[in-house]
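Undergrad:
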Amino acid sequence: MLIEFSTAKGKLILALALIASLGLCWVGIRDQLGSMLASVTPPGAEGAADVARNARWLAPTDPMTKWLEATVARQVFSPESTENSTRSFEDAVRLSPYDYRLWLEAGRAYEQAAKYDKAELAITRAVELAPLYAYPQWQYGNFLLRRDRYDEAKTHLRLATRRNHPYREQVFSLAWDLFDKDPSKVEELAYDEPDVLTGLTLFYAARGQAAEALRAWVRLDDAERARNPQITAAIAQGLYDRRYFAEALEFSRQIGSDAESAPETVTNAGFEKLVPGGTDAGFFNWKLSRTDGKIDISQDGSVKHSGSRSLKIGFKGYTKPDLYAAGQTVVVAPGRSYRLTAWVRTENLRSAGGPQLEVVNARDDRILATKALPQGTNDWQEIYLDIVVPGDSTGITIRTARGFCDGCPITGTLWYDDVALSKR
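What the sequence shown shows, in our numbering, is residues 118 to 541, in sequence order.
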């Protein structure tokens, strides 16, 4: 049928069609505007309550407007606001029954209103809707903890650690604080899987729990440990800086940085292998200071007590009060007695505050033993220092220092070879 719009009837039909179109457009725009306002407005923002009311008026059937209204109401601590919040969350989940986030928020609102049975039903519904997501498991585990149901909470907290690194850290921290730093309680929540064990290792290392970090790390197979060399290096550095020398050595050996170092043993004792510089030297090899023009340090192939090389240190009027030209940290057993021996040769070595061999506690740099080196010119001779390691230390540092003499120059040359540590 053709409509003649020039007639009165046609004009009426056209007007009605335009009005209907405008009405439909307004409804669509209004819903979108209300949903947008609810989505972009933080519940804690100033004026959020007014925005929530306007958004609800614009889009009364949009779940996001109900969510904003409910969340704003939950922030006001009064029985009336709590009831309004739960009612709005009920409307939200009715409008969007498959959004796990809304069910979680409803559960929290019910818990705040002390409606614990309804809270648990809402949270379990969220877990059912998103069983592989960490957040619902984390929320349910926390809810069960607050209800003193730890054995049930463990299941969900473990799932949270398995699937998400940030929640893994939070779960470990929660157990660490809740159970007075008991590692067994933390490990109850850790899956025996590579990512989780790596996270557990980092968690312990960050808190200076060296033995626990190492125990978690060795549960990984060789391939998994080799896959994360940067993590191993970071843990080794952290443990070394915190003075956990035995554990730092174990981690450092695994990345090849201190592959030839061993507890109670001087690494490269005869200086037969080239001493690397910088970070390549590792933590438990010789560290040589080559930054001062008044000292020359090198490995000497022409003068040696045994083998093919020795360590040569030449002084050209060195006057600084401190001298740490060469040193090495060695892992030792707390409370044990040792003897350090070294073969030394000198040539025209002179100073009122001459070089000396020194052993210090690597934990706090306190001197354990010191021996002045022979001055003048002397052929190879063996010197020794007897030491007792403090009961709270697992490391000593062997180093060349100097006797105190303000401004006194050191001249001449000394050589070291065959440095050894033995138990007494």
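C-beta: ideal position from N, C-alpha, C; glycine also.
If I follow the unbroken beta strand (DSSP E) through K271, where does it start and stop?
TA: First-last for K271: Y267 to R280, but that is the alpha helix (DSSP H), not the beta strand (DSSP E).
Undergrad: With H, G and I counted as helix, E and B as strand and the rest as coil, what does DSSP make of K128?
TA: Caution applies to K128, whose pLDDT of 48 falls short of 50 and renders its modelled position unreliable; the value that the coordinates give is listed next. K128: helix per DSSP, three-state reduction.
Undergrad: Of all the options S213, L212, I348 and A243, which has the alpha carbon lying nearest to the alpha carbon of R225?
TA: That would be A243, whose Cα lies nearest to the Cα of R225.
Undergrad: Quick check: the Cα distance between V144 and E186, rounded to an integer number of angstroms?
TA: Residue confidence is low: V144 scores 49 on pLDDT, short of 50, so the model does not pin down where it sits. No coordinate-derived value is stated.
Undergrad: State the beta-bridge partners of S427 as determined by DSSP.
TA: Beta-bridge pairing links S427 to D417.
Undergrad: Would the beta-carbon of P507 fall within 8 Å of that of S468?
TA: No.
Undergrad: For A350, collect the residues of the same chain with a Cβ closer than 6 Å to its Cβ; drop the 5 residues on either side in sequence, then sort them by chain order.
TA: Excluding residues within five positions, the ones whose Cβ falls inside 6 Å are I372.
Undergrad: Are there three or more Cβ pairs, one per stretch, closer than 8 Å when the region 501-520 is compared with the region 463-479?
TA: Because the criterion of three Cβ pairs below 8 Å is met, the region 501-520 and the region 463-479 touch.
Undergrad: Taking the alpha-carbon of G470 as reference, which of R426, T517 and A398 has the nearest alpha-carbon?
TA: Answer by Cα proximity: T517.
Undergrad: With DSSP collapsed to three states, give me the class of D409.
TA: Correct three-state label for D409: coil.
Undergrad: At what residues does the alpha helix (DSSP H) containing R211 begin and finish?
TA: Start and end: P196 to L212.
Undergrad: Going by C-alpha distance, which of A230, W334 and H273 is nearest T241?
TA: Among A230, W334 and H273, the Cα nearest to that of T241 is on H273.
Undergrad: If you count every other CB in all the chains shown that lies within 10 Å of the CB of S425, and 16 or more means buried, which is it?
TA: Exposed: under 16 other Cβ atoms inside 10 Å.
Undergrad: Measuring straight from C-alpha to C-alpha, what distance separates D358 and A328?
TA: Those two C-alpha atoms are separated by around 15 Å.
Undergrad: Quick test of your reading: E310 and R279, contact by CB under 8 Å. State the CB separation rounded to the nearest angstrom.
TA: E310 to R279, Cβ: 7 Å. Contact.
Undergrad: What residues are listed by DSSP as bridge partners for A518?
TA: DSSP lists Q473 as partners of A518.
Undergrad: Let's see if you can read the secondary structure: which residues bound the beta strand (DSSP E) around R344?
TA: Looking at the DSSP string, R344 is not in any beta strand (DSSP E), and its letter there is neither H nor E.
Undergrad: Just grab the DSSP bridge partners of Q498 for me.
TA: According to DSSP, which records beta bridges pairwise, Q498 is partnered with V461.
Undergrad: Tell me whether N385 sits in a helix, a strand or coil according to DSSP, three-state version.
TA: If DSSP states are grouped into helix, strand and coil, N385 belongs with coil.
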